[in-house]
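Student:
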């Protein structure tokens, strides 16, 4: 009888316990709307420019930004620019991009990375709150244009 009473009391107390709670879900903050930075792109050899709202270059880790297409001596390439909330956020985007590249190589004098993405050559750098880069140009060609472009980001 005593065991039965203890068992009933145990069940009653178990029924009064608080239900298990699931840990709170982290809210994923949406990327801020990209700013139109088209004024910073050179006009020479430009074919078109657009403001991409999210996932620039179809990269899940990239927010939206500006994407321009160019043709130089019959060679097509893309130039992009993302203005992040702060320089540290742009630096994180740079390292995310580096990690997504095949054979990423650090270019110390530019603070840039070059490598390949989907078989295409990529050159990407960070300057202040900006992440900028070139798709479709080998490192040597991209570096010369990157120097000029970086000067426009001051």
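Numbering (the numbering used here), first residue to last: 209 to 362.
Where is the CB? At the ideal position from N, CA and C, for every residue including glycine.
Report the three-state DSSP secondary structure of residue 243 (helix, strand or coil).
Tutor: Three-state DSSP puts residue 243 in coil, outside helix and strand.
Student: Smallest Cα separation from residue 294: which of 335, 264 and 250?
Tutor: 335
Student: Look at the alpha carbon of residue 353 and the alpha carbon of residue 326, and state the distance between them as a whole number of angstroms.
Tutor: Going by the C-alpha atoms only, they are around 22 angstroms apart.
Student: Do you know offhand how far residue 306's Cα is from residue 315's?
Tutor: 12 angstroms
Student: Does the Cβ of residue 303 have 16 or more other Cβ atoms within 10 Å, making it buried, or fewer, making it exposed?
Tutor: Residue 303 comes out exposed.
Student: State the CB to CB distance for the pair residue 338 and residue 350, rounded to an integer number of angstroms; the pair is presumed to be in contact (CB under 8 angstroms).
Tutor: In fact, because the Cβ distance is near 16 angstroms, the residues do not count as touching under 8 angstroms.
Student: On the DSSP bridge list, what partners appear for residue 342?
Tutor: 287 and 331
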